[in-house]
Amino acid sequence: MTSSPTLTFHDGRSIPQLGFGVWQVENDVAAEVVPKALLAGYRHIDTARAYGNEEGVGRALKAASLPRDEVFVTSKVPNEAQGYESTLRSVEASLADLGLEELDLHLIHWPRPTEGLAVDTWKALAHLHEQGYIRSIGVSNFRVEDLELVEAETGVRPVLNQIELHPYFTQPELREYHASKGILTESWSPLGQGGGELEDPVVTRIAESHGATPAQVVIAWNLALGNVVIPKSVTPERIISNFASLELELSTDEVQAISALHKGEEGRLGGRP
1 MTSSPTLTFH DGRSIPQLGF GVWQVENDVA AEVVPKALLA GYRHIDTARA YGNEEGVGRA
61 LKAASLPRDE VFVTSKVPNE AQGYESTLRS VEASLADLGL EELDLHLIHW PRPTEGLAVD
121 TWKALAHLHE QGYIRSIGVS NFRVEDLELV EAETGVRPVL NQIELHPYFT QPELREYHAS
181 KGILTESWSP LGQGGGELED PVVTRIAESH GATPAQVVIA WNLALGNVVI PKSVTPERII
241 SNFASLELEL STDEVQAISA LHKGEEGRLG GRP
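In UniProt numbering, the protein residues as written are 1 to 273.
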């Protein structure tokens with residue numbers, strides 16, 4: 001079976017580069033589709049407290065009966081749980097619902113700069129990391145100034161920043177900053193959210209030339225950029241097809257052609273940090 005390559009965090013741990021996301025997947029559906037993803041070869045599951053499906057993911061992990069160290073599990077602190085003590089409680093609840101004693105990666109879901117709680121939340125994650133409840137800690141949707149703030153206040157640098165990233169919104173400046181600091185970039189909504197990337201002539205032309213699907217091309221592009229990528233699907237055929245993106249190798253010219261589709265802020269589909 002094909003397996004995902006891994007990328008190494010600056011803390012020495014590693015993460016499977018291709019993962020399976022469960023955003024907007026209901027609890028019972030997650031319990032059904034996550035085992036299908038694991039059977040297809042995925043070994044990285046990305047969930048969040050705010051998704052309301054950690055319990056379903058936990059059932060799926062239990063049903064799969066894979067050795068704990070073979071499955072990388074990520075979750076996130078929700079906005080309403082930010083703050084030191086509330087973060088401790090949130091992570092405890094996540095571990096309970098997932099049926100795990102330790103998370104591989106836990107993120108702050110959004111920086112929420114107007115609330116001013118990101119630093120306290122980060123301190124709580126750092127404490128849980130030191131206590132062994134979380135193997136690595138990172139963030140999601142953080143801007144450069146947010147990343148600099150938490151590191152300046154704690155001396156602890158996130159291992160990863162999970163951000164919106166797809167062909168129409170490639171975030172080149174933020175990716176460049178990540179690279180300069182040894183922070184991995186992870187793409188959420190990597191296929192867009194109906195924004196047209198999968199119908200773009202550049203993407204469809206490349207797909208046709210490889211006998212691949214547009215989704216496979218966009219996932220392969222993310223992988224070629226060195227991003228961690230977490231496509232989501234509840235359709236068994238697409239779950240398998242997306243994983244097969246690992247077998248697709250794009251040329252440098254093809255990667256550059258897709259990157260050139262970037263539209264700046266006009267291409268952003270999700271919320272702004």
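Built from N, CA and C at the ideal position, the CB exists for glycine as well.
What did DSSP end up calling residue i once you bin it into helix, strand or coil?
i	result
residue 221	helix
residue 119	helix
residue 235	coil
residue 228	strand
residue 109	coil
residue 204	helix
residue 209	helix
residue 243	helix
residue 104	strand
residue 49	helix
residue 138	strand
residue 7	strand
residue 180	helix
residue 172	helix
residue 269	coil
residue 191	coil
residue 16	strand
Tell me which residue opens and which closes the beta strand (DSSP E) that residue i is part of.
i	result
residue 164	160-164
residue 186	184-188
residue 88	Unbroken run through residue 88 is the alpha helix (DSSP H), 84-98; no beta strand (DSSP E).
residue 75	72-77
Shortest alpha-carbon distance to residue i belongs to which of the options?
i	options	result
residue 191	270, 267, 231 and 37	231
residue 142	132, 32, 107 and 3	107
residue 91	63, 114, 47 and 59	47
residue 151	182, 165 and 256	182
residue 71	44, 11, 271 and 147	44
residue 168	11, 28, 272 and 266	266
residue 256	13, 83, 202 and 65	202
residue 130	250, 144, 11 and 263	11
Please report the residue range of the alpha helix (DSSP H) in which residue i lies.
i	result
residue 147	144-154
residue 262	From DSSP, residue 262 is part of no alpha helix (DSSP H); its letter is neither H nor E.
residue 61	54-64
residue 35	27-40
Whole-angstrom Cβ separation of residue i and residue j, contact assumed at under 8 Å?
i	j	result
residue 105	residue 160	7 Å
residue 7	residue 228	6 Å
residue 245	residue 239	Contact doesn't hold; Cβ gap of about 11 Å is too wide.
residue 54	residue 98	5 Å
residue 261	residue 217	Actually they do not touch by this definition, with Cβ atoms about 12 Å apart.
residue 186	residue 171	Not confirmed; about 11 Å, so no contact.
residue 243	residue 40	5 Å
residue 273	residue 146	7 Å
residue 9	residue 180	Incorrect: roughly 16 Å between the Cβ atoms, too far for contact.
residue 269	residue 211	No, residue 269 and residue 211 are not in contact; Cβ-Cβ is about 28 Å, not under 8 Å.
Shorter than 7 Å from the beta carbon of residue i to some beta carbon of chain D?
i	result
residue 265	Of the protein chains in the structure, only one exists, and it is not chain D.
Closer than 6 Å: is that where the CB of residue i sits relative to any heavy atom of the ligand COA?
i	result
residue 121	The ligand COA is absent from the structure shown, which contains no ligands of any kind.
> Per the contact definition of three or more C-beta pairs closer than 8 Å, is the stretch 114-127 in contact with the stretch 143-159?
Replying inline: yes
>> When you compare the stretch 19-31 with the stretch 208-227, are there three or more beta-carbon pairs, one atom per stretch, that lie closer than 8 Å?
In response: no
>> Across the stretch 41-55 and the stretch 76-92, are there enough close Cβ pairs to call them in contact, namely three or more that are closer than 8 Å?
In response: yes
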